[in-house]
Structures are given as structure tokens and as C-alpha cells.
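*Asks:* The structure that follows is given in the form of C-alpha cells.
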Amino acid sequence: MGSRIITLQRQARELGRLRTGYSVPNDDPNKRPRAVRSQTWIVTSHAEHYVQAAADIWGGQVEKWQPQGNGAAQWRVITQTSSLDAILPPGDPLSQAYETWTKGGAQRRCDGMTETLSDSPCLCRAQWGENFHEVAPRDLACKMTTRLNVILPEMPDIGAWRVETHSYHSANEIAAAVDVLKGSIGLDALIPVRLRIEQRTRVAQGKTKQFPVVAVELRGSTAGQVLAGAAQTVPVGGGQLRPEVEQGGAAALEAPRPAVKPTAEDFVAAAQGSQSLDDLSTNLAAAQHAGFARNLQDQKDPVAVAFMRRRAELSAPTTAPVAPTAPPRLERVAAQQDSEDADLVWQQIVAAWPGTTSELNTAFAQTMSGLDPASAGPGDLSTFLAKLRAGELTEGATS
1 MGSRIITLQR QARELGRLRT GYSVPNDDPN KRPRAVRSQT WIVTSHAEHY
51 VQAAADIWGG QVEKWQPQGN GAAQWRVITQ TSSLDAILPP GDPLSQAYET
101 WTKGGAQRRC DGMTETLSDS PCLCRAQWGE NFHEVAPRDL ACKMTTRLNV
151 ILPEMPDIGA WRVETHSYHS ANEIAAAVDV LKGSIGLDAL IPVRLRIEQR
201 TRVAQGKTKQ FPVVAVELRG STAGQVLAGA AQTVPVGGGQ LRPEVEQGGA
251 AALEAPRPAV KPTAEDFVAA AQGSQSLDDL STNLAAAQHA GFARNLQDQK
301 DPVAVAFMRR RAELSAPTTA PVAPTAPPRL ERVAAQQDSE DADLVWQQIV
351 AAWPGTTSEL NTAFAQTMSG LDPASAGPGD LSTFLAKLRA GELTEGATS
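Residue 163 in UniProt numbering sits at position 163 of the sequence shown; the count goes up by one each step and never skips.
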């Protein structure tokens with residue numbers, strides 16, 4: 001491979017966009033076109049053959065399409081599917097900002113505190129306060145903008161497809177999903193996901209609103225595998241051809257093998273290395289989550305025997321500190337698991353909560369005796385989630 005310009009930021013070519021809505025002419029010709037939310041994904045591109053490929057895979061009729069503004073004509077298909085299999089590319093595929101655009105381009109781009117184009121404090125925050133995205137008059141404040149680049153494995157060519165949404169709920173949940181997956185699996189991994197348009201309902205100020213939310217779901221692995229570092233990823237580089245290819249069939253890459261899972265020996269060592277009953281309980285939960293030590297009375301299960309023996313040692317009265325009999329090989333995994341479990345439960349709470357983040361924080365404190373969500377553990381968060389789903393929040397917490 002030849003030399004590269006080391007200061008040049010490389011990025012995949014954008015092949016097209018994945019949209020959740022479109023516009024139709026307004027009944028009043030003096031007004032701008034009316035926005036329509038779609039129940040299914042809309043694929044647009046400058047290249048007709050990409051859109052035709054999407055129609056062949058997901059259904060729909062290819063049509064010529066003129067974006068709003070002065071852009072060049074493109075091609076579009078309103079597909080018949082609300083979910084797409086996709087891959088998160090290496091690096092950080094997500095960007096978010098509050099933005100204002102005109103025909104002259106981007107006028108403002110802000111992270112909520114600093115307007116980066118002028119390097120000045122957030123103008124919307126100064127004018128309407130911290131919750132400007134909720135209280136500012138329509139179309140006057142900068143739009144919350146989330147862009148996610150993905151690879152569509154069923155589509156031709158190598159490049160990125162961009163999902164763009166201005167939804168508050170999508171912004172929260174997409175960022176949480178991408179951060180958990182990339183933080184747990186690694187920035188350089190190709191992570192299989194599913195993009196789904198999820199229809200939501202919210203009651204606010206006596207009105208019922210229905211709106212779509214873009215959900216990023218893990219594909220091919222479970223949450224437990226992610227937490228254990230065993231989530232399936234897509235290998236970078238050449239795969240092995242399946243046997244039918246050698247016999248003249250269509251080319252296909254061999255499915256990636258799952259990462260190595262913790263073994264029984266790992267959990268035996270973790271049990272022996274536990275220095276307190278709390279450590280032992282955490283390591284036991286990880287072992288049982290991985291399918292070991294389900295019956296602690298099973299004398300033929302070496303993992304169960306190791307945990308029961310260590311529990312007896314730690315419970316026995318002693319004046320000298322109990323020394324571990326082996327180094328704790330899973331100490332780092334156990335330490336991270338509580339934090340990651342809490343993050344996953346919080347994502348579920350955010351998805352189920354019908355109001356704003358500030359309202360959620362207030363409701364949590366009222367329901368959980370003044371406890372702040374940031375300092376709550378997985379147990380407290382799970383308790384709140386159960387009450388939220390059952391409609392048992394403290395009176396006034398949802399008002």
C-alpha cells in the first residue's frame with residue numbers, strides 16, 4: 001500500500017440518505033410544503049441504481065424526486081419496511097448539534113453551550129433559557145440535529161448511508177445506544193445493528209401526540225454478551241468463501257465467529273479471588289448471567305462449588321484479613337458491569353418516559369425519596385422502571 005497524507009481526514013463516500021418523512025404541496029400555494037411522517041423508511045440518492053436496488057430489496061416504487069431548496073434532482077423510493085439491517089462503521093459514526101440553516105448554508109452550529117461557528121455562547125440558551133428546545137417558539141430556535149452514518153450490507157458499493165433526524169427522543173436514544181455499543185465493543189469494530197422506525201404516543205398538556213422515533217437495536221448478540229465482551233462483530237478484511245461459491249454459486253462471506261466467552265475456569269478464579277461478600281455476589285451474578293452456577297447446591301458444578309466454598313470462608317469469623325487464594329481475573333469486568341447495567345436500565349427508562357429529561361429527573365427524585373438518578377444503582381433504576389411501567393409513580397411525579 002502506498003503512502004497517505006497523514007493530515008487528511010478520510011471518510012467514506014455518502015451513497016444516499018435514509019429518511020423518515022417527506023413533504024407534499026400545501027393546500028395554500030402561499031405556504032411552504034407540508035411535512036408528512038412516514039411509517040416506513042425512505043431511501044434517497046443521486047444514483048438511480050442505488051435506489052432501484054433498495055426497491056428490489058425492501059419494496060416500493062422508484063421515482064424522481066426534487067429536494068426542497070435549490071439542490072439537484074435525486075431519486076427516491078418509499079419502501080415497505082420499517083426496519084433495516086445495518087452496520088455501525090469504525091470510529092464515531094454519530095454527530096449531534098443544534099443547527100440553523102438558510103439557503104446560504106449553516107448559520108449556527110451549537111453543542112448547547114457554545115455556538116462553534118462564531119465561538120460564542122449559545123444564543124438560544126441566552127434568549128430562552130436552559131430548556132430552549134422546549135419553550136422557544138416554533139422554528140425560531142436552532143433545530144436539534146442528529147446524523148448517524150451506517151453501512152447497509154444488502155446494498156451495492158462501499159460507502160455510508162446517512163440517517164438524519166430532528167427528534168428529541170431519537171437524539172437521546174441513538175446517542176445512548178451508540179455510546180454503549182462503541183464503549184463496550186470498541187471504536188474500531190464493525191457492529192451489526194438494526195434501524196427501526198418506532199411509533200410513539202405521548203400525552204402532554206391534554207393533547208395526545210403520535211410521532212416516529214428512530215431506534216438503534218443490537219443485532220446478532222444479546223445485552224449480556226455485550227457486557228461480557230463477547231458481542232458478535234463484523235470482521236474487517238477478507239472472509240472465507242462459502243462452499244457454494246467454489247461450486248459456482250453467488251459470492252458470500254462466511255459469518256463472523258463470536259468472540260471468546262468467559263470460561264468456567266475464569267469464574268472459579270473470580271470466586272476464589274473475591275475479597276468480600278459484595279465482590280462474591282457481583283462475580284456470582286456475572287457467572288449466572290453467562291450460564292454458570294445456576295444451582296449452587298450442585299456438587300458436580302465446579303463454579304458453584306467454588307462460590308459456595310468462598311462464601312463459607314468469607315462468612316466465617318476471623319481476626320485476620322482473608323487472603324484471596326487466586327488473583328481475581330474478572331475484577332475489571334465486574335467493576336464495569338454495575339455501571340453498564342445502570343446505563344442500560346436508564347436507556348429503558350428514557351424510552352418509556354413520556355416527558356422531558358428535566359421532568360424525568362424530578363419524577364425520579366420524588367418517587368425514590370430524593371435519590372438523584374446519576375447516583376442511583378441498577379437496583380434503584382430497575383425499581384423506578386417497574387413503577388413507571390405499572391403506573392405506580394408517586395402522586396405528582398408525572399404532572
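Glycine included, each C-beta is placed from N, C-alpha and C at the ideal position.
Taking the beta strand (DSSP E) that Ala204 belongs to, which residues open and close that run?
*Replies:* Locating residue 204 in the sequence shown gives position 204, counting from the first residue. Where Ala204 is concerned, the enclosing beta strand (DSSP E) stretches over Ile191 to Ala204.
*Asks:* Output the residue ranges of the alpha helix (DSSP H) runs that lie fully inside the region 338-377 and measure 4 residues or longer, sorted by chain position.
*Replies:* Segments of the alpha helix (DSSP H) lying fully in the region 338-377: 357-367.
*Asks:* What's the gap between the Cα of Ala287 and the Cα of Trp65?
*Replies:* Position 287 of the sequence shown, counted from the start, is the residue given in the question as residue 287. Position 65 of the sequence shown, counted from the start, is the residue given in the question as residue 65. Cα to Cα, Ala287 sits roughly 55 angstroms from Trp65.
*Asks:* Would you mind stating whether Val51 and Ser45 have Cβ atoms separated by less than 9 angstroms?
*Replies:* Counting from 1 along the sequence shown, the entry for residue 51 is found at position 51. Counting from 1 along the sequence shown, the entry for residue 45 is found at position 45. Contact: yes.
*Asks:* Does the Cβ of Ala252 have 16 or more other Cβ atoms within 10 Å, making it buried, or fewer, making it exposed?
*Replies:* Translated into the one-based positions of the sequence shown, residue 252 becomes position 252. With a pLDDT of only 40 at Ala252, under 50, the local geometry of the prediction cannot be trusted, and the value read off the model is given with reservation. When all chains shown are included, Ala252 counts as exposed.
*Asks:* What residue does the alpha helix (DSSP H) around Gln68 start on, and which one ends it?
*Replies:* Within the sequence shown, the letter at position 68 stands for residue 68. Here Gln68 belongs to no alpha helix (DSSP H), and DSSP marks it neither H nor E.
*Asks:* Taking C-beta to C-beta, are Ala351 and His169 nearer than 9 angstroms?
*Replies:* Position 351 of the sequence shown holds residue 351. Position 169 of the sequence shown holds residue 169. In contact: Ala351 and His169 (Cβ atoms closer than 9 angstroms).
*Asks:* For Glu173, count neighbouring C-beta atoms within 10 Å of its own C-beta (all shown protein chains included) and say buried if the count is 16 or more, exposed if not.
*Replies:* What you label residue 173 is simply residue 173 of the sequence shown in a count that begins at 1. Counting Cβ neighbours within 10 Å, Glu173 comes out buried, since at least 16 surround it.
*Asks:* Let me know if Thr222 comes out buried or exposed under the rule of 16 or more other beta-carbons within 10 Å of its beta-carbon.
*Replies:* Counting from 1 along the sequence shown, the entry for residue 222 is found at position 222. Answer is exposed; the Cβ neighbour count stays below 16.
*Asks:* Helix, strand or coil for Cys110, going by three-state DSSP, please let me know.
*Replies:* The residue you call residue 110 lines up with position 110 of the sequence shown. Strand at Cys110.
*Asks:* Within 10 angstroms of its Cβ, does Leu94 collect 16 or more other Cβ (buried), or is it exposed?
*Replies:* On the sequence shown, position 94 is the one that residue 94 refers to. Label assigned to Leu94: buried.
*Asks:* With a cut-off of 8 angstroms on the beta carbons, I'd call Thr145 and Glu115 a contact; round off their distance for me.
*Replies:* Position 145 of the sequence shown, counted from the start, is the residue given in the question as residue 145. Position 115 of the sequence shown, counted from the start, is the residue given in the question as residue 115. In fact, because the Cβ distance is near 14 angstroms, the residues do not count as touching under 8 angstroms.
*Asks:* Can you tell me the Cα-Cα spacing of Pro153 and Trp75, whole angstroms?
*Replies:* Taking the first residue of the sequence shown as position 1, residue 153 is located at position 153. Taking the first residue of the sequence shown as position 1, residue 75 is located at position 75. Those two C-alpha atoms are separated by around 20 angstroms.
*Asks:* Can you give the beta carbon distance from Gly60 to Thr79, rounded, assuming they're within the 8 angstroms contact cut?
*Replies:* Residue mapping note: residue 60 aligns to position 60 of the sequence shown, counting from 1. Residue mapping note: residue 79 aligns to position 79 of the sequence shown, counting from 1. That pair is a contact at about 5 angstroms.
*Asks:* Considering only DSSP beta bridges, list what Met144 is partnered with.
*Replies:* By one-based count along the sequence shown, residue 144 stands at place 144. Bridge partners of Met144: Tyr98.
*Asks:* Apart from the five residues just before and just after Pro67, which ones in its own chain have a Cβ nearer than 7 angstroms to its Cβ?
*Replies:* Position 67 of the sequence shown, counted from the start, is the residue given in the question as residue 67. Closer than 7 angstroms at Cβ, skipping near neighbours: Gln74.
*Asks:* By Cβ distance below 6 angstroms, which residues in the same chain neighbour Arg257 in space, the five residues on each side in sequence not counted?
*Replies:* Walking along the sequence shown from the start, residue 257 turns up at place 257. Residue confidence for Arg257 is low, a pLDDT of 39 falling below 50, so the modelled location carries little weight; the figure read from the coordinates is stated next. Counting only Cβ-Cβ distances below 6 angstroms, and skipping sequence neighbours, we find nothing.
*Asks:* Can we say the region 177-188 touches the region 155-166, given the rule of at least three CB pairs closer than 8 angstroms?
*Replies:* The region 177-188 vs the region 155-166: no contact.
*Asks:* State the beta-bridge partners of Pro262 as determined by DSSP.
*Replies:* Locating residue 262 in the sequence shown gives position 262, where the first residue counts as 1. None, per the DSSP bridge assignment.
*Asks:* By the 10 Å Cβ neighbour count, where 16 or more other Cβ atoms means buried, how is Lys182 classified, buried or exposed?
*Replies:* Taking the first residue of the sequence shown as position 1, residue 182 is located at position 182. Counting Cβ neighbours within 10 Å, Lys182 comes out buried, since at least 16 surround it.
*Asks:* Run through DSSP, which three-state label would Val51 get?
*Replies:* Walking along the sequence shown from the start, residue 51 turns up at place 51. Correct three-state label for Val51: helix.
*Asks:* Give me the DSSP bridge partner(s) of Ala160.
*Replies:* Here residue 160 is taken as the residue at index 160 of the sequence shown, counted from 1. Looking at the DSSP assignment, Ala160 forms a beta bridge with Glu14.
*Asks:* Mind checking Gly16: buried by the 16 CB within 10 Å criterion, or exposed?
*Replies:* Your numbering for residue 16 matches position 16 in the sequence shown. So Gly16 ends up on the buried side.
*Asks:* For Gly91, is the classification buried or exposed, using 16 other Cβ atoms within 10 angstroms of its Cβ as the cut-off for buried?
*Replies:* As a first step, residue 91 must be located in the sequence shown, where it is residue number 91. By the neighbour-count rule (16 or more Cβ atoms within 10 Å), Gly91 is not buried but exposed.
*Asks:* What residues in its chain sit with their C-beta under 6 angstroms from that of Leu195, if we drop five residues either side in the sequence?
*Replies:* Here residue 195 is taken as the residue at index 195 of the sequence shown, counted from 1. If we look at Leu195 and ignore the five residues flanking it on each side, its Cβ neighbours are Leu84 and Ala86.
*Asks:* Which of the three DSSP states is assigned to Asn30 in this structure?
*Replies:* Counting from one through the sequence shown, the residue named residue 30 turns up at place 30. Coil at Asn30, not helix or strand.
*Asks:* Pull up the CB-CB distance for Leu314 and Phe307, whole angstroms please, since I reckon it's below 8 angstroms.
*Replies:* Here the question's residue 314 lines up with position 314 in the sequence shown. Here the question's residue 307 lines up with position 307 in the sequence shown. No, Leu314 and Phe307 are not in contact; Cβ-Cβ is about 11 angstroms, not under 8 angstroms.
*Asks:* Leaving out five residues before and five after Val77 in sequence, what residues of the same chain have Cβ atoms less than 6 angstroms from its Cβ?
*Replies:* Stepping through the sequence shown from its first residue, residue 77 is reached at position 77. Correct list, in chain order: Val43, Val51, Ala54, Ala55, Gly60 and Val62.
*Asks:* Flag this pair as yes or no: are the beta carbons of Asn149 and Pro89 separated by less than 9 angstroms?
*Replies:* If you number the sequence shown from 1, residue 149 lands on position 149. If you number the sequence shown from 1, residue 89 lands on position 89. Yes. Within cutoff.
*Asks:* Assign Met155 to buried or exposed, taking buried as 16 or more other Cβ atoms, counted over all protein chains shown, within 10 Å of its Cβ.
*Replies:* On the sequence shown, residue 155 is found 155 positions in, with the first residue counted as 1. Buried.
*Asks:* So if DSSP puts Val43 in a beta bridge, which residue, or which two residues, is it bridged to?
*Replies:* Within the sequence shown, numbered from 1, the residue matching residue 43 stands at position 43. Leu18 and Val77, per the DSSP bridge assignment.
*Asks:* Quick one: what's got a C-beta closer than 6 angstroms to Glu392's C-beta in the same chain, skipping five residues either side?
*Replies:* Counting from 1 along the sequence shown, the entry for residue 392 is found at position 392. Same-chain partners within the cutoff: there are none.
*Asks:* From which residue to which residue does the alpha helix (DSSP H) around Ser170 run?
*Replies:* Position 170 of the sequence shown, counted from the first residue, corresponds to residue 170. Taken as a continuous stretch (DSSP letters only), the alpha helix (DSSP H) holding Ser170 covers Tyr168 to Ile185.
*Asks:* Could you check if Leu18 is buried or exposed, using at least 16 other CB atoms within 10 Å of its CB as the buried criterion?
*Replies:* Residue numbering aside, residue 18 sits at position 18 when the sequence shown is read from its first letter. Leu18 comes out buried.
*Asks:* Which one of Met368, Asp343 and Asp372 has the shortest CA to CA distance from Phe384?
*Replies:* Locating residue 384 in the sequence shown gives position 384, where the first residue counts as 1. Per the Cα distances, Met368.
*Asks:* Give every residue of the same chain whose Cβ lies closer than 6 angstroms to the Cβ of Gly159, excluding the five residues on either side of it in the sequence, and list them in chain order.
*Replies:* Taking the sequence shown and counting its residues from 1, the one referred to as residue 159 is at position 159. These residues qualify, in order along the chain: Ala12, Arg13 and Leu15.
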